[in-house]
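Counted from 1, the sequence shown has number 192 at position 192 by full-length UniProt numbering; the numbering is strictly sequential.
What follows is a set of notes on a single structure, which appears directly below.
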Amino acid sequence: MEGKEEDVKLGANKFTERQPLGTAAQTDKDYKDLPPAPLFEPGELKSWSFYRAGIAEFMATFLFLYITILTVMGVKKSPTMCASVGIQGIAWAFGGMIFALVYCTAGISGGHINPAVTFGLLLARKLSLTRAIFYIIMQCLGAICGAGVVKGFEGSQSYEVLGGGANVVNSGYTKGDGLGAEIVGTFVLVYTVFSATDAKRNVRDSHVPILAPLPIGFAVFLVHLATIPITGTGINPARSLGAAIIFNREHAWDDMWIFWVGPFIGAALAAMYQQIVIRAIPFKSRA
């Protein structure tokens, strides 16, 4: 009981995510880099903040899939693109939901809503391996549930005819094209996440006010505009997995590796670029 009371007194934030996406660049004028997160923090598993962060990631990814896959279904169901919101509307749905959900969950879990983002922040030592694995599991479960609810609304037959919002490499493009699109698209997203949440920005660009979820959501919007014709735009392994599991057709599984390997490579490249080029951390350590 004593441990539980302490956790409550601390506002259930004893083991918080080390760089919430929506808040890191908006604190004091001077900045200080936090120490790297350990691979394993045993105390996290006893803290309510750890589990509520996972629940927040589940709920955010659930809502993300629910709104976006419904939007995709609506466009597919229309006789012509002009009779619906079209590709631009789909891109706005994905980008707008990321903006809203990152804004809502940043203070609880960091607002990742994407295993690739979680992986990139893990490589940058912004959270522990324990928390990263927990987030990815909850994100995938949320995505499956979100896509499942959409199938319940649309009905099995209609859902399957309309493609279930599953990501596949479209005709006219090779698997290499799809993989490259996913790598570059995820690089853009994760690079934007790092830039928007960089504590140094508050000093370096103090004259430029920033709300971190806005550029992150806008990056998602732009990437979707560019790559929907190629892969339907994954850049989020949980989104691709959730839609594929509920759709459950062979051609959706044929390309599934692209929507995991591509985003993870893109996230790793973004983390490397941020650490070596933007922050020059290895060179500072030598100095």
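Ideal Cβ placement from N, Cα and C applies to all residues, glycine included.
Between which residues of its own chain and residue i is the CB-CB distance below 7 Å, once the five residues before and five after are set aside?
i: residue 181; result: 227, 230 and 231
i: residue 173; result: 230
i: residue 288; result: Here the chain covers residues 1 to 287 and nothing more, so residue 288 does not appear.
i: residue 23; result: Reliability fails at residue 23, whose pLDDT of 45 lies under 50, so the model's placement of it is uncertain and the value that follows must be treated cautiously. So the list reads 106 and 107, once near-sequence residues are dropped.
i: residue 67; result: 93 and 97
i: residue 251; result: 168
i: residue 157; result: none
i: residue 253; result: 244
i: residue 148; result: 246
Spatial neighbours of residue i within its chain, please: C-beta separation below 6 Å, excluding the five flanking residues on both sides.
i: residue 132; result: 118 and 122
i: residue 60; result: 101, 105 and 113
i: residue 261; result: none
i: residue 62; result: 142, 145 and 146
i: residue 278; result: none
i: residue 185; result: 223, 227 and 235
i: residue 134; result: 54
i: residue 56; result: 105, 108 and 109
i: residue 225; result: 91
i: residue 71; result: 90 and 93
i: residue 233; result: 224 and 227
i: residue 194; result: 274
Is there a C-beta anywhere in chain B that falls below 8 Å from the one on residue i?
i: residue 123; result: Considering every chain present, this structure includes no chain B. It has just one protein chain.
How should residue i be labelled, buried or exposed, when 16 other C-beta atoms within 10 angstroms of its C-beta is the threshold for buried?
i: residue 152; result: exposed
i: residue 73; result: buried
i: residue 140; result: buried
i: residue 154; result: buried
i: residue 171; result: exposed
i: residue 258; result: buried
i: residue 34; result: exposed
i: residue 237; result: buried
i: residue 91; result: buried
i: residue 80; result: exposed
i: residue 78; result: exposed
With a Cβ-Cβ cutoff of 8 Å, do residue i and residue j count as a contact?
i: residue 196; j: residue 215; result: yes
i: residue 221; j: residue 50; result: no
i: residue 263; j: residue 245; result: no
i: residue 178; j: residue 69; result: no
i: residue 166; j: residue 247; result: yes
i: residue 124; j: residue 275; result: yes
i: residue 96; j: residue 75; result: no
i: residue 120; j: residue 270; result: yes
i: residue 99; j: residue 242; result: no
i: residue 265; j: residue 183; result: yes
i: residue 103; j: residue 191; result: no
i: residue 65; j: residue 239; result: yes
i: residue 138; j: residue 58; result: yes
State yes or no: is the C-beta of residue i nearer than 7 Å to some heavy atom of the ligand COA?
i: residue 137; result: With respect to the ligand COA, the structure offers nothing, as it holds no ligand at all.
What does a CB cutoff of less than 8 Å around residue i pick up in its chain, not counting 5 residues either side in sequence?
i: residue 160; result: 247 and 249
i: residue 175; result: 169, 255 and 258
i: residue 268; result: 119, 120 and 123
i: residue 86; result: 75
Counting only runs that start and end within the region 35-93, where is the alpha helix (DSSP H) found for 4 or more residues in a row?
DSSP runs (the alpha helix (DSSP H)) wholly in the region 35-93: 48-77.
As an exercise, report each continuous alpha helix (DSSP H) stretch of at least 4 residues that is fully enclosed by the region 217-280, in chain order.
If we require 4 residues or more, the alpha helix (DSSP H) runs fully inside the region 217-280 come out as 237-247, 250-254 and 258-273.
At which residue ranges does the region 160-197 contain complete beta strand (DSSP E) runs of 3 or more residues, listed in the order of the chain?
Assignment of beta strand (DSSP E) within the region 160-197, counting only whole runs of 3 or more residues, yields no such run.
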